[in-house]
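Heads up, the thing below is written out as structure tokens.
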Amino acid sequence: MKFAIIGGTGLIGSQVVRNLNEAGHEAVPHSPSTGVDLLTGQGLDAALDGADVVVNLTNSPTFDDASPAFFRTSMDNLVAAAKKAGTGHFVILSIVGVDQVPDLDYYRAKTLQENILKESGLPYSIVRATQFMEFVGAVLSWTSDETAVRLPSTPIQPIAAADVAAAVSEVSAGKPLNGTLDVGGPDVYPLDELGRITLSAKGDRRPVIVDETAGMFAAVKGDVLTTKDGARVAETRYLDWLK
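Quick note on my numbering: the sequence shown kicks off at 26 and runs consecutively.
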């Protein structure tokens, strides 16, 4: 099959392209560097020409209240192009529990993206992943200084980007789910404990202070960002990934 991977040069997209091509498909990466602009629609018709499947792995440039406009415009343009091309399967990557955190602008924006796809009339699949292991360092940096790191105790179920890419690749090559698949890592940690594990592995002696008001995940209540029954659990453990 031929795949148009929008955002195909990013962390997940580049791995999805490699996975699909190694499986004998033709996966073509598209991004602004290849002349595709989701906000203007430039290059979309050419990118989707002849594609059996379109996989949208792009992300908003910001996580604030500007993100809904990005997903509205980009999805409207991409859905229109997919219908014009006769694409038979439209796949996006989202976040586990994304519709349960209305206080976060970015999560509302990703929920909007999901809803646009569901209402498009196109055969679709949504892969929802838990937080990437690759982003843990950034999460710690948001609420840290030279003396300490402050983190809430929000339950987090980190997953390796390679495992996310594997799930997206498999779903993309299969029949449309017309639904959602949740994927997550094998272990759940309170975010403050995950911070201590990460700092220790890096030889960083700063203490982690539990602060339920610190950072983006302070808005998350309970275990909404962890997978439930029926989800796919990846094999890579965080402690092994850190090594």
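Note that the Cβ used here is the ideal one computed from N, Cα and C, for glycine as well. Note that the structure is predicted; figures quoted are calculated from it, not measured.
Cβ neighbour criterion (16 or more within 10 Å) applied to residue i
{"i": "ASP207", "result": "buried"}
{"i": "ARG230", "result": "exposed"}
{"i": "ALA163", "result": "exposed"}
{"i": "ALA72", "result": "buried"}
{"i": "SER169", "result": "buried"}
{"i": "THR65", "result": "exposed"}
{"i": "LEU264", "result": "exposed"}
{"i": "GLU139", "result": "buried"}
{"i": "ASN44", "result": "buried"}
{"i": "SER58", "result": "exposed"}
{"i": "GLY220", "result": "buried"}
Counterpart residues of residue i in DSSP-defined beta bridges
{"i": "VAL53", "result": "ALA29"}
{"i": "GLY276", "result": "This structure cannot speak to residue 276, because the chain is shown only from 26 to 268."}
{"i": "VAL79", "result": "ALA29, PHE115"}
{"i": "LEU176", "result": "VAL235"}
{"i": "TYR214", "result": "ILE181"}
{"i": "ILE120", "result": "ALA154"}
Under 7 angstroms between C-beta atoms of residue i and residue j
{"i": "ALA226", "j": "VAL189", "result": "no"}
{"i": "ALA173", "j": "PRO232", "result": "yes"}
{"i": "LEU82", "j": "ILE151", "result": "no"}
{"i": "GLN182", "j": "VAL213", "result": "yes"}
{"i": "ASP74", "j": "ALA106", "result": "no"}
{"i": "LEU176", "j": "ASP217", "result": "yes"}
{"i": "LYS135", "j": "VAL116", "result": "no"}
{"i": "GLY33", "j": "PRO54", "result": "yes"}
{"i": "VAL79", "j": "ALA29", "result": "yes"}
{"i": "ALA244", "j": "ASP90", "result": "no"}
{"i": "VAL235", "j": "SER178", "result": "yes"}
{"i": "GLN125", "j": "VAL41", "result": "no"}
{"i": "SER3", "j": "LEU63", "result": "No information on residue 3 is available, as it lies outside the stretch 26 to 268 that the chain covers here."}
{"i": "ARG262", "j": "PRO215", "result": "no"}
For residue i, the three-state DSSP class (helix, strand or coil)
{"i": "ALA154", "result": "strand"}
{"i": "PRO93", "result": "helix"}
{"i": "ASN203", "result": "coil"}
{"i": "GLY66", "result": "coil"}
{"i": "SER145", "result": "coil"}
{"i": "LYS169", "result": "Looking at the sequence provided, one finds Ser at residue 169 rather than Lys. Residue state, collapsed to three classes: strand."}
{"i": "VAL61", "result": "coil"}
{"i": "ARG230", "result": "coil"}
{"i": "ASN140", "result": "helix"}
{"i": "ASN102", "result": "helix"}
{"i": "THR87", "result": "coil"}
{"i": "LYS135", "result": "helix"}
{"i": "LYS268", "result": "coil"}
{"i": "ASP248", "result": "coil"}
C-beta neighbour in chain D for residue i, strict 7 angstroms
{"i": "ALA72", "result": "The structure shown contains no chain D; it is built from a single protein chain."}
Integer Cβ distance of residue i from residue j, believed to fall under 8 angstroms
{"i": "PRO180", "j": "THR238", "result": "The pair is not a contact, with the Cβ atoms about 17 angstroms apart (cut-off 8 angstroms)."}
{"i": "SER198", "j": "MET26", "result": "In the sequence on display, residue 198 carries Ala and not Ser. That belief holds up - the Cβ atoms of ALA198 and MET26 are roughly 7 angstroms apart, short of 8 angstroms."}
{"i": "PHE96", "j": "PRO86", "result": "Actually they do not touch by this definition, with Cβ atoms about 11 angstroms apart."}
{"i": "GLY228", "j": "ALA259", "result": "27 angstroms between Cβ atoms; not a contact."}
{"i": "GLY49", "j": "ASP77", "result": "Contact flag wrong, Cβ pair sits at about 13 angstroms."}
{"i": "LEU137", "j": "PRO93", "result": "5 angstroms"}
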